[in-house]
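Novice: Quick one: structure below, then a few questions.
Protein chains: 2
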Amino acid sequence: METMRREIEKIVVVEETTHATTEPGCVVGVDVGGTNLRLALADMSGTILTRWSSSTVALRGPEAVIQLVCSGAKSMLQEVAAPLDALRSIAIGVPGVTDVDNGIVIATSYLMGWRDVPLRALVEKELNVTVVVDNDVNMAAMGEQEAGSAKDVKDFVFLAIGTGIGAGIVLNGKLHRGSSWTAGEIGYMLVPGASEVPAKSEEPGSLETMIGGEGIKAQWQKLWSGGDAALPTEFNATDIFDRALDGNPHAQVLLRQSATMLARAIYNVSLVLNCPLFVLGGTVGMHPALCDAAQKALDQWIIPVSPRLIRSALGTDAQLFGAVRAALEAVPSCPVSPAVWASSS
Amino acid sequence: METMRREIEKIVVVEETTHATTEPGCVVGVDVGGTNLRLALADMSGTILTRWSSSTVALRGPEAVIQLVCSGAKSMLQEVAAPLDALRSIAIGVPGVTDVDNGIVIATSYLMGWRDVPLRALVEKELNVTVVVDNDVNMAAMGEQEAGSAKDVKDFVFLAIGTGIGAGIVLNGKLHRGSSWTAGEIGYMLVPGASEVPAKSEEPGSLETMIGGEGIKAQWQKLWSGGDAALPTEFNATDIFDRALDGNPHAQVLLRQSATMLARAIYNVSLVLNCPLFVLGGTVGMHPALCDAAQKALDQWIIPVSPRLIRSALGTDAQLFGAVRAALEAVPSCPVSPAVWASSS
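Protein sequences appear in the order of chains D and L. According to numbering that gives the first Met the number 0, the first sequence is numbered sequentially starting from 0. According to numbering that gives the first Met the number 0, the second sequence is numbered sequentially starting from 0.
Okay, here's the thing in structure tokens:
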């Protein structure tokens, strides 16, 4: 637990939230990432009182993650001198397909390989508090809508491009999650220039192979082995895009190719949904060079849709802010005693 | 007007509709097609009392179409010996992008090239009755949900494949039309194997060029010029698919190719929406060989979605039945005098 660290911040996430109340108590938002677990404690008006984070690099099983969530929540409550029963709800964003109705993480890929984990019940049992779980990209979309680039926008798509690619789809102000919770899993999208060979279980999808972080790295290494010894082979996607902005021609080729593939995927999503706005997030998606180049590529196809791309305003905080919002929305309107929650979980 | 004909049928469209009432009066559903205008008169329980149709081949402007709608409606009322004021509402499905809120046909392609036609106001002025207009594929989706292959299904996509390709998207029981009324315009979708060159105005989209009726014909002619003089060059898509079922190898190549492209497009739509069911309609989409071959192709990609394909149960009546349903839903709950409608239109 030597990687654990605390951050004490006093920042306002949600200044004028519809969920804000002056009720006593507090909520916790959690972002379960592949490398970090991040928690934020907020009061009932949505103001973040403190944060907590820990590495998840060596962890795989849900039990260890649940223990960290509990430790973090208790540590933050102690930090603000609040008793355990001041905690009204917890919302947890996880990197995988999540059954929100039943609080079950159906599957995660890449990092932990969870299958059918009843995360809500497990955390409720530990903390005797209302728990909601959702996909992390959906959480990020909620965060951007509450306090970020899509503030007050009713129809938009949050597109997370990191190692994987996923979309959080907001239609008429609400998340569209799909009939089996996989809406927005566009990392598998088939676009011209990407492979149409079906992905195997645990493998990245066709689009991810091209423009996910690892995909871009792999293509860089292919380009690099073709000649440009002046640049390191171990560059990641954002290094490469930085070099493209500096004028390196190989990096520019890869930026242009990535932007074109991304634009094709966004155009396809847009043909289906006709959403006017796409918010690009995730470590790769946040890069300004990618956003600009993708908008330029996208502007070729103006019929019958012409969506606008903007970068996430919240960055890596989008998931966490969305989780705080989800926690606030989940607070039971009538306070329920811990005993009741214990018996219902 | 020599092509005008009347059909007198007594069929029940909607046996147990939620919109069915025993109120007096009747409604009219209209399907404006590129070659035919079709009308159905139904009582307030959704039972179709009579039908009327006319050719639209020589017509281009909205005025002539509106006059035909009025003639047809009056003729049907006369047919069932009902006075003009028995008519409570009319719903009109048009082959183009339609602003449902304002009753404006923004654009039609191929056949009539309408631009910003205030169809609702124009028909209301003529008939002093509540009018609704919507895209014909959306109408067809409503028809299939009311009385066809998607009966009582809350999440599905109706996919019309004829000369053009379009999708009617039903999410949580309601049509999703998009922020500028173009949701589901997937005839432009970019999939591997199709052109990524942007379509020009008035031109078919990338996917339509491959698997729309005209696209399939064009590819058949290309194949044919390569050698198979035993089959006519003027075959249309359904002729070709029939021959594929008969074992003709060239026709089988084209069927397989069309099915693969269709499966890629459906997979992409499914990644976005995660809808479990796709209903295939339209003259090309209705062909059983295409549906079977597309399902087979689609079953290659099982991660993370595996939608089921079925053929439209209503066929060319889907639009008309959907329009009858839309007309029933549009009936004002308090009967309004014709004079009020005249002043508000």
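Even glycine gets a Cβ: it sits at the ideal position worked out from N, Cα and C.
Please list, in chain order, the residues of the region 252-278 of chain L that have any C-beta partner in chain D closer than 7 Å.
Specialist: Taking 7 Å as the Cβ-Cβ cut-off against chain D, the residues of the region 252-278 of chain L that qualify are R263, Y266, N267, V268, L270, V271, L272, N273, C274, P275.
Novice: Closest by CA to I265 of chain L, which one among L:N171, L:S44, L:I160?
Specialist: As a first step, residue 265 of chain L is located in the second sequence; it is residue number 266 there, counting from the start. If we check each option's Cα against that of I265 of chain L, L:I160 comes out closest.
Novice: At what residues does the beta strand (DSSP E) containing W51 of chain L begin and finish?
Specialist: For the purposes of this step, residue 51 of chain L is taken as the residue at position 52 of the second sequence. It spans 46-54 - the beta strand (DSSP E) in which W51 of chain L sits, taken as one unbroken run.
Novice: Looking at chain L, is there any beta carbon in it that lies within less than 8 Å of the beta carbon of L170 of chain D?
Specialist: As a working mapping, residue 170 of chain D is identified with position 171 in the first sequence. Yes, because at least one Cβ of chain L sits closer than 8 Å to the Cβ of L170 of chain D.
Novice: Chain C partners of I185 of chain D, CB-CB under 9 Å?
Specialist: In the structure shown, chain C cannot be found, because the protein chains are D and L.
Novice: Would you check if there are 3 or more beta carbon pairs closer than 8 Å linking the region 272-285 of chain D to the region 156-172 of chain D?
Specialist: Judged by Cβ distances under 8 Å, the region 272-285 of chain D makes contact with the region 156-172 of chain D, as three or more pairs qualify.
Novice: If you drop the 5 nearest sequence neighbours on each side, which residues of the same chain put their C-beta closer than 7 Å to that of R255 of chain L?
Specialist: For the purposes of this step, residue 255 of chain L is taken as the residue at position 256 of the second sequence. Result list for R255 of chain L: A292, in chain order.
Novice: If distances are taken between C-alpha atoms only, which option among L:W300, L:E62, L:A322 comes closest to L40 of chain L?
Specialist: Mapped onto the second sequence, residue 40 of chain L falls at position 41. Of L:W300, L:E62, L:A322, the residue nearest in Cα terms is L:A322.
Novice: Let me know if D135 of chain L comes out buried or exposed under the rule of 16 or more other beta-carbons within 10 Å of its beta-carbon.
Specialist: For the purposes of this step, residue 135 of chain L is taken as the residue at position 136 of the second sequence. So D135 of chain L ends up on the buried side.
Novice: Does the beta carbon of L86 of chain D come closer than 8 Å to any beta carbon on chain L?
Specialist: What you label residue 86 of chain D is simply residue 87 of the first sequence in a count that begins at 1. Answer no: the Cβ-Cβ gap between L86 of chain D and chain L never drops below 8 Å.
Novice: At a Cβ threshold of 8 Å, is L189 of chain D touching chain L?
Specialist: Locating residue 189 of chain D in the first sequence gives position 190, counting from the first residue. At least one chain L Cβ lies under 8 Å of L189 of chain D.
Novice: Distance, Cα to Cα, R324 of chain D vs G45 of chain D?
Specialist: Here residue 324 of chain D corresponds to residue number 325 of the first sequence, with the count starting at 1. Here residue 45 of chain D corresponds to residue number 46 of the first sequence, with the count starting at 1. Their backbone Cα atoms lie some 7 Å apart in a straight line.
Novice: Whole angstroms are fine: how far does the CA of I302 of chain D sit from the CA of V122 of chain L?
Specialist: By one-based count along the second sequence, residue 122 of chain L stands at place 123. By one-based count along the first sequence, residue 302 of chain D stands at place 303. Cα to Cα, the separation comes out at about 29 Å.
Novice: State buried or exposed for A106 of chain L, treating a residue as buried only when at least 16 other CB atoms are found within 10 Å of its CB.
Specialist: Taking the first residue of the second sequence as position 1, residue 106 of chain L is located at position 107. It counts as buried.
Novice: Between which two residues does the alpha helix (DSSP H) harbouring L281 of chain L extend?
Specialist: The residue given as residue 281 of chain L occupies position 282 in the second sequence. Sequence check: residue 281 of chain L is Gly here, not Leu. Here the alpha helix (DSSP H) through G281 of chain L covers 281-284.
Novice: As an exercise, report each continuous alpha helix (DSSP H) stretch of at least 4 residues that is fully enclosed by the region 224-296 of chain L, in chain order.
Specialist: Fully enclosed alpha helix (DSSP H) runs of 4 or longer: 236-244, 248-272, 281-284.
Novice: For D154 of chain L, return the contacting residues in chain D, with the cut-off set at a CB-CB distance below 9 Å.
Specialist: Looking up residue 154 of chain L in the second sequence gives position 155. Residues of chain D passing the Cβ test: G177, S178.
Novice: Any idea what DSSP makes of I189 of chain L, helix, strand or coil?
Specialist: As a working mapping, residue 189 of chain L is identified with position 190 in the second sequence. Residue 189 of chain L is actually Leu in this sequence, not Ile. The answer is coil: DSSP assigns L189 of chain L none of H, G, I, E or B.
Novice: How many Å lie between T34 of chain D and E328 of chain D at the Cα?
Specialist: The residue labelled residue 34 of chain D in the question sits at position 35 within the first sequence. The residue labelled residue 328 of chain D in the question sits at position 329 within the first sequence. Going by the C-alpha atoms only, they are around 27 Å apart.
Novice: What are the residues of the region 294-325 of chain D that lie near chain L, defined by any Cβ-Cβ distance shorter than 8 Å?
Specialist: So the list reads Q299, W300, I301, I302, P303, V304, given in the order they occur along the chain.
Novice: How would you list, in chain order, the residues of chain D whose beta-carbon sits under 8 Å from the beta-carbon of P197 of chain L?
Specialist: Residue mapping note: residue 197 of chain L aligns to position 198 of the second sequence, counting from 1. Q299, W300, I301, I302, listed in chain order.
Novice: Among all the DSSP beta bridges, which residues are the ones paired with V346 of chain D?
Specialist: Shown here, chain D extends from 0 to 344; a query on residue 346 of chain D therefore has no answer.
Novice: At which residues does the alpha helix (DSSP H) containing L76 of chain L begin and terminate?
Specialist: As a position in the second sequence, residue 76 of chain L is number 77, starting the count at 1. Where L76 of chain L is concerned, the enclosing alpha helix (DSSP H) stretches over 61-78.
Novice: With three or more C-beta pairs closer than 8 Å as the rule, is the region 170-187 of chain D touching the region 212-222 of chain D?
Specialist: Touching, no, given that fewer than three Cβ pairs across the two stretches are closer than 8 Å.
Novice: Tell me the residue span of the alpha helix (DSSP H) that contains L350 of chain D.
Specialist: Outside the shown range of chain D (0 to 344) lies residue 350 of chain D, about which nothing can therefore be said.
Novice: Against S200 of chain D, what residues of chain L qualify as contacts under a CB-to-CB distance less than 8 Å, listed in chain order?
Specialist: The residue labelled residue 200 of chain D in the question sits at position 201 within the first sequence. Near S200 of chain D (Cβ distances below 8 Å), the residues of chain L are I302.
Novice: Just to make sure I have the definition right: I need the residues of chain L whose C-beta is within less than 9 Å of the C-beta of V96 of chain D. Which are they?
Specialist: Residue numbering aside, residue 96 of chain D sits at position 97 when the first sequence is read from its first letter. Simply P303.
Novice: For chain D, find out if any of its Cβ atoms is closer than 8 Å to the Cβ of T181 of chain L; answer yes or no.
Specialist: Working through the second sequence from its first residue, we reach residue 181 of chain L at position 182. Output row for T181 of chain L: interface = yes.
Novice: Determine the chain L residues that contact A193 of chain D at a beta-carbon separation under 9 Å, and present them in chain order.
Specialist: Here residue 193 of chain D corresponds to residue number 194 of the first sequence, with the count starting at 1. Within 9 Å Cβ-Cβ: P191.
Novice: Rounded to whole angstroms, what is the Cα-Cα separation between C333 of chain L and W180 of chain D?
Specialist: Numbered from its first residue, the second sequence carries residue 333 of chain L at position 334. Numbered from its first residue, the first sequence carries residue 180 of chain D at position 181. For C333 of chain L, the predicted structure reports a pLDDT of 42, less than 50, and the residue's modelled location is therefore unreliable. The matter cannot be settled from this model.
Novice: Using DSSP with H/G/I as helix, E/B as strand and the rest coil, what is L121 of chain L?
Specialist: Locating residue 121 of chain L in the second sequence gives position 122, where the first residue counts as 1. Helix.
Novice: Using a Cβ-Cβ cutoff of less than 6 Å, which residues in the same chain neighbour G28 of chain L once the five nearest sequence positions on both sides are dropped?
Specialist: In the second sequence, residue 28 of chain L corresponds to position 29, counting from 1. Hits under 6 Å: A39, A90, L319, A322, V323, A326.
Novice: Taking CB distances under 8 Å as the criterion, tell me whether C333 of chain L reaches chain D.
Specialist: Residue numbering aside, residue 333 of chain L sits at position 334 when the second sequence is read from its first letter. Low local confidence applies: a pLDDT of 42 at C333 of chain L is under 50, so the model's placement there is unreliable, with the coordinate-based value given in what follows. Chain D contact via Cβ: absent.
Novice: Across the region 141-152 of chain D and the region 238-251 of chain L, are there enough close Cβ pairs to call them in contact, namely three or more that are closer than 8 Å?
Specialist: Cβ pair count under 8 Å is below three, so no.
Novice: Could you tell me how far apart the beta carbons of T129 of chain D and V268 of chain D are, in whole angstroms, since I believe they sit closer than 8 Å?
Specialist: Sequence index remark: in the first sequence, residue 129 of chain D carries index 130 (1-based). Sequence index remark: in the first sequence, residue 268 of chain D carries index 269 (1-based). Actually they do not touch by this definition, with Cβ atoms about 33 Å apart.
Novice: Please name the residue in L:Y187, L:L118, L:I309 whose C-alpha comes closest to that of L206 of chain L.
Specialist: As a working note, residue 206 of chain L is residue 207 in the second sequence. Checked all of L:Y187, L:L118, L:I309; the closest Cα to L206 of chain L is L:Y187.
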